[in-house]
Amino acid sequence: MARCPALIVAAPASGQGKTTVAAALARLHARQGRRVRLFKCGPDHLDPHWHELASGAPVHPLDLWMTGEDDCRRRLHAAAQQADLLIIEGVMGLFDGEHSVAELARRLGIPVLAVIDASAMGGTFGALVHGLRSYWPDLPWAGALANRVAGEGHARMLQEGLSDATDWLGALPGIGSGGSGRGKPGGLLPERHLGLVAAQELPDALARLDAAADALAATPLGRMGPHELQRWAVDFAAVPEAETPAPTLAGRTVAVARDEAFCLVYAANLDTLRALGAQVALFSPLRGEPLPDCDALWLPGGYPELHASALAERHALHAQLQAHVDAGRPVWAEGGGLLALLQSIAMPDGSELPLWGLLPGRAALQQRLAAIGPRELRLDGCEPLRGHSFHYAVVQDAAMPVLAQATRPGAGTAVLQGAEAVYRCGSIRASFFQAWFASSHQAVARLLGDGPQA
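Here this note's numbering is used: the first residue of the sequence shown is 13, the next is one more, and so on.
Take a look at the structure:
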């Protein structure tokens, strides 16, 4: 058993500022010399960039369906043995989805800190806090933090509206994400079409976090020290280690693109490749690094559309990629990796940018979301490969066969709204579906191994 203070930073909806609050709380305590570990609920690649910067430690997802409850418990138990504080950022609204943040909190006994955008709110703030706290009577609860508060008078009004004074953890001025598409003004952490801008892309990222931490330090929550945090201490039981996978990728080198154009990578996916026996070779297409000598290539998600001109100029790399495919060596491309291999992408402003052209087809980046949610890919003879979809781009004029469909969980047929095609072209397998590798070692070996290709 490992005991450690822990909080789930949740909200009644997206866009309330929970990412900033979670990162600011971590930064505040890390600056004071405490060991902080952050996690993110649900499939998310971008918020963890900020959390890693704030905490100085790797960040992993917790998802009752995609990663599984045992994986969540293992990671939290391991972190609790090393940390002074655990912070878990929620996703969407507290009770949203079949495997909600509230369900995670209830199963694991972790108290919920509700971050609420109170910018256009008075007494209703108290009603909302009461509803969140009491909707499930057995929900572990920490309190509420009002965000985007106009001043001391507004904060006093909000606090006086609470039916339980212990719910009040303070008020913050207008800090938070840019709220892209949510009607919010530009915020401390800027956004674009897939979510927050990654921290490493902003030279002042740490200064932004420090500003948020300074604001939080003036609240009752921010003034809490190690002794006060013990009110939220949680016992995390040990869980038996997962079975060691067969080394089905032993002796093989898997090259992985990793830079601003291919930045949506779960660290645990790299761990899974190594656990399967593979040698992982990271390289940066944007910086002109050559394709490593490899047996297989993984092109993760990211933003190739923002770097299309630079990628198109990497003529030597393009030739190496073509030679890799011509030799029949596997390529698994997901999300932005799929986009990069297409012939071109049409942008919302009407321009069309060339891409690598290894796949016959074009893409269009639209202003509304094309797909979101959990998906699973079923390949013959393999456990389902779990993951998710989240993209604004769509494939057009795809003159290539569809190998399979990544469908919503529990789907009995692939012919469903929201199913993600897995395209096949020579040795390339590509999809907007983004996988959690640990969910099916067999499928990963099928996609990147030297046996019969899926």
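Every residue, glycine too, gets a C-beta built ideally from N, C-alpha and C.
In this text, all values refer to a predicted model and were calculated from it rather than measured experimentally.
Contacts around residue i, its chain only, beta-carbon distance under 8 angstroms, and the 5 residues preceding and following it disregarded
i	result
ALA457	THR260, LEU261, LEU288, GLY463
LEU323	ALA273, PRO297, LEU298, PRO316, ALA352, LEU367, TRP368
ARG286	VAL292
MET412	LEU371, PRO372, GLY373, TYR435, ARG436, CYS437
ARG235	ALA229
GLY461	THR260, LEU261, ARG264, ALA308, PRO342
GLY348	ALA273, PHE274, LEU276, LEU311, PRO312, GLY313, GLY314, TYR315, PRO316, GLU317
For residue i, three-class secondary structure by DSSP
i	result
ARG86	helix
ARG286	helix
SER401	strand
PHE248	strand
GLN93	coil
ALA345	strand
ALA273	coil
GLY467	In the structure as shown, the chain begins at 13 and stops at 466. Residue 467 is therefore absent and cannot be evaluated.
LEU116	helix
PHE51	strand
PRO257	coil
PHE444	coil
THR79	helix
SER439	coil
VAL71	coil
VAL141	helix
SER356	strand
ASP56	coil
GLU364	strand
PHE107	coil
GLY173	coil
ASP307	coil
VAL33	helix
GLN408	strand
HIS453	helix
ARG39	helix
Alpha-carbon to alpha-carbon, residue j and residue i
i	j	result
PRO60	VAL48	14 angstroms
GLY102	LEU157	14 angstroms
ASN281	ASP96	27 angstroms
ALA66	ARG43	9 angstroms
ASP75	ALA269	25 angstroms
GLU346	HIS400	11 angstroms
GLN454	PRO396	9 angstroms
ALA229	ARG387	40 angstroms
LEU459	SER443	12 angstroms
HIS41	ILE99	11 angstroms
GLN242	CYS16	8 angstroms
ALA383	ALA418	12 angstroms
VAL266	GLY45	38 angstroms
TRP310	PHE445	13 angstroms
LEU294	ALA162	47 angstroms
ARG204	VAL414	Only weak support exists for where ARG204 lies, its pLDDT of 42 falling under 50; the coordinates are left without a value.
TYR404	PRO421	21 angstroms
ARG86	ALA254	9 angstroms
ALA320	PRO304	21 angstroms
GLY207	ALA410	Because GLY207 carries a pLDDT of 49, less than 50, the predicted location of this residue cannot be relied on, and the following value inherits that uncertainty. Computed Cα separation, rounded: 27 angstroms.
ALA34	GLU364	38 angstroms
Same chain, Cβ closer than 6 angstroms to residue i, neighbours up to 5 away in sequence not counted
i	result
ARG264	ALA290, ASP307
LEU88	PHE248
GLY54	ASP75, VAL103
GLY376	For clarity, residue 376 is Ala in the given sequence; the question names Gly instead. Excluding positions up to five away in sequence, the list reads ALA358, VAL406, GLN408.
VAL246	ALA18, GLY121, ILE122
HIS330	TRP368
ALA447	LEU397, GLY399
PHE137	ALA130, LEU170, GLY173
LEU218	none
GLU64	VAL71
GLY182	LEU157, THR231, PRO232, LEU233
GLY105	PRO24, ALA25
CYS84	LEU74
HIS57	LEU276
Same chain only: Cβ atoms within 7 angstroms of residue i, ignoring 5 sequence neighbours per side
i	result
LYS30	VAL21, ALA22, ALA23, GLU101, GLY102, VAL127
ALA14	HIS89, ALA92, GLN93, PHE248
ALA431	GLN417, ALA418, THR419
ARG326	PRO297, GLY300
Cβ separation of residue i and residue j, assumed to be a contact under 8 angstroms, to the nearest whole Å
i	j	result
GLN332	PRO302	6 angstroms
ARG168	TRP148	The Cβ separation is near 29 angstroms, so there is no contact.
PRO257	ALA227	That pair is no contact at about 45 angstroms.
THR284	ALA450	5 angstroms
PRO312	VAL277	5 angstroms
ARG160	TRP153	That pair is no contact at about 22 angstroms.
beta-carbon residue i near the ligand ATP non-hydrogen atom, thresh 7 angstroms
i	result
ALA92	Annotation note on the ligand ATP: not contained in the displayed structure, which lists no ligands.
Three Cβ pairs or more, each shorter than 8 angstroms: is that satisfied between the region 428–442 and the region 337–347? yes
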